[in-house]
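Here is the structure we will look at.
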């Protein structure tokens, strides 16, 4: 299959989003810029508020400018094929606020944004190479030197990492309130629920031992991925045919981070793929300053375009290959 990408209008958007990072649920510039781009190109943009998350810690340390522009390119390419070839079907581009914190796709799923969708395709930038000491907090929080190890007395259970948000005003004043934020990760939603219960026990025990009280505020739970085999196989074939480096998440694969795409894929047939953005021979992990720098390069943009090719080609198969389309809902789905 030969795919001609709609690139030029997206490149400016890529750098614009990268240079203007915004915190989750406050992605106003990204939202307005993406909607404006689509409307200038003749597409109808329906929206409320929010666009796509930009990591405020290390700016785009998870490459969310790429998560935005790669699917935009795939959407424009596939929409162009539908119009020029008079193909029956529709393609939607769904913007996701708060992709990593706050619920993102879970909120959209609950609000009915995925209603009537037959297949959901997503790509995410990921690490590449080896030989560096780069550490990603979601995948390896126990690796590297953590500056909070000396101040956080919590045993490592599965994967738990956190920070102290507020520990008082001055060293010579006893704090009345302390607040912390912790991430708990596990390989399944059932295991994660068990881990969260154990964490609550740890914090309740600490409160009891010190004569304090403790309150909990839980974000929505991100659940494990369930990849559709025909969609995953088609994407793998397409990406390899285009000569791209590609990670296909199968039932043997494990991803260390979290994504609301897992919640979506429990309701809708879908796939989640990762594309590398770093330099060959250099290990670049998400959620690090090095990854943030790599996410703003022309090479990363090109890698995002490679992913867009695969997504567009796979979406085209869903629309035009009746046998393939019928196989998608009939396929058993498997974890990761």
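In this note's numbering, the protein residues as written are 40 to 375. Glycine included, C-beta positions come from ideal geometry on N, C-alpha and C.
query = Rounded to a whole number of angstroms, what is the C-alpha to C-alpha distance between residue 76 and residue 250?
reply = Straight-line Cα distance between these residues: approximately 56 Å.
query = Is residue 56 helix, strand or coil when you go by DSSP?
reply = DSSP places residue 56 within a helical segment (H, G or I) once states are collapsed to three.
Collapsed DSSP secondary structure at residue 70 in the structure displayed = Of the three classes helix, strand and coil, the one that applies to residue 70 here is helix, per DSSP.
key: Local Cβ density within 10 Å of residue 343, reported as buried at 16 or more and exposed below that   = Classified as buried, residue 343 has 16 or more neighbouring CB atoms from the shown chains inside 10 Å of its CB.
ask   = Are there 16 or more other CB atoms within 10 angstroms of the CB of residue 362, so buried, or fewer, so exposed?
value = Counting the other CB atoms within 10 Å of its CB gives residue 362 a total below 16, which places it among the exposed residues.
query = Considering only the beta carbon of each residue, do residue 283 and residue 345 sit closer than 8 Å?
reply = Contact: yes.
key: Nearest-angstrom Cα separation, counted from residue 370 out to residue 125   = Straight through space, the alpha carbons of residue 370 and residue 125 are spaced by roughly 28 Å.
key: Reduced DSSP secondary structure (H/G/I, E/B, other) of residue 50   = In the structure shown, residue 50 sits in a helix (DSSP, three-state: H, G or I).
task = Starting from residue 242, follow the alpha helix (DSSP H) in both directions and report where the run begins and ends.
result = Looking at the DSSP string, the run of the alpha helix (DSSP H) that includes residue 242 is 228-249.
query = Would you call the CB atoms of residue 53 and residue 108 closer than 8 Å?
reply = For the 8 Å CB-CB criterion, residue 53 and residue 108 form a contact.
query = Within 10 angstroms of its Cβ, does residue 60 collect 16 or more other Cβ (buried), or is it exposed?
reply = Classification of residue 60: buried, given that the 10 Å Cβ count is 16 or more.
key: residue 199 - partner residues in DSSP beta bridges   = Per DSSP, 223.
ask   = From residue 105 to residue 352, what does the alpha carbon distance come to, in whole angstroms?
value = The alpha-carbon of residue 105 is positioned some 18 Å away from that of residue 352.
message = Only counting the same chain, and skipping five residues up and downstream in sequence, which positions put a Cβ closer than 6 Å to that of residue 357?
response = Hits under 6 Å: 158, 364.
task = Note down, in chain order, each residue of its chain lying with its Cβ closer than 6 Å to the Cβ of residue 88, except the 5 sequence neighbours on either side.
result = Only weak support is given to the placement of residue 88: the predicted model assigns it a pLDDT of 47, under 50, and the value that follows is read from those uncertain coordinates. Exclusion of the five residues before and after residue 88 leaves no residue of its chain whose Cβ lies closer than 6 Å to its Cβ.
Touch test, the region 223-231 against the region 258-266, Cβ-Cβ under 8 Å, three pairs minimum = Judged by pairs of C-beta atoms under 8 Å, the region 223-231 touches the region 258-266, as three or more such pairs exist.
ask   = Alpha carbon to alpha carbon, how far is residue 349 from residue 160?
value = Going by the C-alpha atoms only, they are around 10 Å apart.
key: Buried or exposed by the 16-neighbour rule on C-beta atoms within 10 Å, applied to residue 313   = Classification for residue 313: buried.
message = For residue 152 and residue 208, what's the separation of their Cα atoms in angstroms?
response = Taking the straight line from one Cα to the other gives about 43 Å.
inquiry  = I need the straight-line Cα distance from residue 329 to residue 323, nearest angstrom please.
reply    = Distance between residue 329 and residue 323, taken at the CA atoms: about 6 Å.
query = Where do the ends of the beta strand (DSSP E) carrying residue 83 lie?
reply = Per DSSP, residue 83 lies in no beta strand (DSSP E) and is assigned neither H nor E.
ask   = Where does residue 77 sit, in a helix, a strand or coil, going by DSSP?
value = In this structure, residue 77 counts as helix in the three-state DSSP scheme.
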